[in-house]
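Here the structure is laid out as structure tokens; the discussion comes afterwards.
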Amino acid sequence: QVQLVESGGGLVQPGGSLRLSCAASRNIFSIYNMGWYRQAPGKQRELVAVFNSGSITNYEDSVKGRFTISRDNAKNTVYLQMNSLKPEDTAVYYCHGNYMGMTYWGKGTLVTVSS
Numbered sequence: 029q030v031q032l033v034e035s036g037g038g039l040v041q042p043g044g045s046l047r048l049s050c051a052a053s054r055n056i057f058s059i060y061n062m063g064w065y066r067q068a069p070g071k072q073r074e075l076v077a078v079f080n081s082g083s084i085t086n087y088e089d090s091v092k093g094r095f096t097i098s099r100d101n102a103k104n105t106v107y108l109q110m111n112s113l114k115p116e117d118t119a120v121y122y123c124h125g126n127y128m129g130m131t132y133w134g135k136g137t138l139v140t141v142s143s
């Protein structure tokens, strides 16, 4: 069993920055494919950024160069630094991971980019 708890969402103006955190209930070395997805109103959930095969990262094309995923193994936490935010980044952001063959999701944190 794994619990993933997101934090750090909020309202930000276009061009601004936010850092999301995902705290895991167990050692993140044991959780595969930890990363972030998002779901905008009326749209399907999509991959934003993920750790594949350990430290290799993968980003959705529209966030490349603006978002950075990172991890602090000592704190069992994965981060998403989001810079140069755009209104189209508005969505609920979910933390994700695979453990012992099962997929786990956090409850999500809302990011709203608006002036």
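Quick note on the numbering used here: the sequence shown kicks off at 29 and runs consecutively.
Quick reminder that beta carbons are idealized off the backbone N, C-alpha and C, glycines included.
Note that the coordinates shown come from a computational prediction; the quantities given were computed from them, not determined experimentally.
TODO: Return the chain-ordered ranges of every beta strand (DSSP E) run that is complete within the stretch 62 to 126 and spans a minimum of 3 residues.
DONE: Qualifying beta strand (DSSP E) stretches, in chain order: 74 to 80, 84 to 87, 95 to 100, 105 to 110.
Open item on the list: I'd like to check one pair, Val91 with Val76: are the Cβ atoms closer than 8 Å?
Closed with: Against a cut-off of 8 Å, the Cβ pair of Val91 and Val76 comes out as a contact.
Open item on the list: Considering only DSSP beta bridges, list what Ser143 is partnered with.
Closed with: Answer is none; Ser143 lacks a bridge partner.
Open item on the list: Does the stretch 83 to 102 come into contact with the stretch 130 to 142, if we say contact requires no fewer than three beta-carbon pairs (one atom in each stretch) closer than 8 Å?
Closed with: No, the stretch 83 to 102 does not touch the stretch 130 to 142.
Task: Other residues of its chain near Gln41: CB distance less than 6 Å, five sequence neighbours each side excluded - done: The answer, listed in chain order, is Ser143.
Task: Same chain only: Cβ atoms within 6 Å of Tyr122, ignoring 5 sequence neighbours per side - done: Cβ within range, chain order: Tyr65, Trp133, Gly134, Gly136.
- [ ] Would you tell me roughly how many angstroms separate the C-alpha atoms of Ser58 and Gly125, rounded to the nearest one?
- [x] When rounded, the distance between both Cα atoms is 10 Å.
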